[in-house]
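A.B. asks: Numbering (the UniProt record's numbering), first residue to last: 1 to 315.
Here it is, the structure in full.
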């Protein structure tokens with residue numbers, strides 16, 4: 001049983017908060033692991049997935065005997081590695097007589113196994129087997145197009161789950177704006193049958209089309225392979241609801257004295273304290289008072305002068 005440690009410093013607390021589940025997810029890192037026995041095909045697939053995800057993947061080359069994702073208790077080591085590396089997606093490769101050239105793809109939630117899907121590898125072609133102009137090779141860390149062709153990705157539950165896992169595996173960082181010249185790769189997934197998907201990696205060439213939108217050409221650069229679905233495990237409903245929470249589901253903080261009206265829109269109540277007019281100090285009007293006194297005095301002197309003038313005239 002794993003020991004639960006509480007943070008003792010502010011830095012450790014910030015690290016744990018960064019690794020905790022979030023309403024708005026950041027880019028997901030991929031953990032790549034080897035099983036007890038792996039074939040040359042599986043080893044090549046794991047290495048090339050690591051190259052495609054370079055900068056967003058961690059690869060362990062040591063063999064792991066205790067990892068059995070579909071068995072009860074067999075995911076303990078897997079969850080330990082996920083917690084240690086802060087990876088939320090994993091790819092586990094193995095090779096047995098019963099399940100040759102086997103890959104297990106899965107996602108984690110809060111460093112616990114969320115869902116699993118097991119696929120077999122057929123018709124694998126390494127990127128070294130493709131010849132093309134190296135100038136159009138995709139750059140490391142670039143955002144890809146992901147294209148899913150076939151009605152099975154919408155109707156068949158296994159293919160629908162595989163679509164979700166592959167999207168999380170290849171999409172990288174979630175961004176709002178993209179520079180068109182930075183899109184230089186595409187992953188093409190084609191549903192051949194209800195249990196088989198053809199996956200290939202292509203480079204994108206942008207050519208002039210006479211309009212603002214350029215013409216796109218795809219050049220296959222590898223790797224490519226057929227993925228045959230063998231087993232899968234969906235998350236339980238409670239865990240799914242917890243993991244699918246979004247910022248829209250977060251309860252909004254109630255604002256006091258604000259109402260919403262369909263006709264008038266947003267209405268607010270403003271409370272003004274009682275105004276005691278009698279206690280409000282009057283403004284200083286000393287200059288105005290002096291001017292009034294001066295004008296009054298001049299008017300009085302003028303009246304007295306006119307009265308004395310009339311008195312002399314009468315005499």
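Beta carbons: idealized from backbone N, C-alpha and C, even for Gly.
Apart from the five residues on each side of it in sequence, which residues of its chain come closer than 7 Å, Cβ to Cβ, to residue 28?
C.D. replies: 88, 89, 168
A.B. asks: Could you give the residue range of the beta strand (DSSP E) that holds residue 144?
C.D. replies: 144-149
A.B. asks: Take residue 136 and list the residues in its own chain whose beta-carbon comes closer than 7 Å to its own, dropping the five residues that flank it on each side.
C.D. replies: 203, 205, 219
A.B. asks: Hey, quick one: how far does the alpha helix (DSSP H) through residue 155 stretch, first residue to last?
C.D. replies: First-last of the alpha helix (DSSP H) with residue 155: 152-155.
A.B. asks: Just the C-alpha distance for residue 186 and residue 146, rounded to the nearest angstrom, thanks.
C.D. replies: 6 Å
A.B. asks: In whole angstroms, what separates the C-alpha of residue 166 from that of residue 117?
C.D. replies: The straight-line gap from Cα to Cα measures roughly 11 Å.
A.B. asks: What does DSSP give as the partner residue(s) for residue 217 in the beta ladder?
C.D. replies: 205
A.B. asks: In terms of residue numbering, what span does the alpha helix (DSSP H) encompassing residue 237 cover?
C.D. replies: 237-243
A.B. asks: On the criterion of 16 or more Cβ atoms from any shown chain inside 10 Å, does residue 175 qualify as buried, or is it exposed?
C.D. replies: exposed
A.B. asks: So, residue 201 versus residue 221, is the Cβ gap smaller than 7 Å?
C.D. replies: yes
A.B. asks: Going along the chain, which unbroken runs of the beta strand (DSSP E) with 3 or more residues stay wholly within the segment 17-94?
C.D. replies: 30-34, 57-63, 89-94
A.B. asks: What residue from 143, 144, 119 has the CA that sits closest to residue 159's CA?
C.D. replies: Restricting attention to 143, 144, 119, the CA atom closest to the CA of residue 159 is found in 119.
A.B. asks: Measuring CA to CA, which of 268, 9, 41, 280 is closest to residue 103?
C.D. replies: 41
A.B. asks: Should residue 280 be labelled buried (16 or more other beta-carbon atoms within 10 Å of its own) or exposed?
C.D. replies: exposed
A.B. asks: Excluding the 5 residues preceding and the 5 following residue 1 in the sequence, name in chain order all residues of the same chain whose CB lies nearer than 6 Å to its CB.
C.D. replies: Residue placement at residue 1 is flagged as unreliable, the pLDDT there being 45, under the threshold of 50; a coordinate-derived value is accordingly withheld.
A.B. asks: CB-CB under 8 Å to residue 66, same chain, minus the five flanking residues each way: which ones, in chain order?
C.D. replies: Excluding its 5 nearest sequence neighbours in each direction, residue 66 has C-beta neighbours in its own chain below 8 Å: 74, 76, 77, listed in chain order.
A.B. asks: Which residue comes first and which comes last in the beta strand (DSSP E) that contains residue 103?
C.D. replies: 102-109
A.B. asks: Report all residues from its chain with a CB closer than 8 Å to the CB of residue 140; omit the five preceding and five following residues, and keep chain order.
C.D. replies: 54, 55
A.B. asks: Exposed or buried, residue 121, counting other C-beta atoms within 10 Å across all chains shown (16 or more means buried)?
C.D. replies: By the 16-neighbour rule on beta-carbons within 10 angstroms, residue 121 is buried.
A.B. asks: Would you tell me roughly how many angstroms separate the C-alpha atoms of residue 12 and residue 6, rounded to the nearest one?
C.D. replies: 9 Å
A.B. asks: Tell me residue 226's beta-bridge partners as DSSP assigns them.
C.D. replies: In DSSP, residue 226 forms a bridge with 122, 198.
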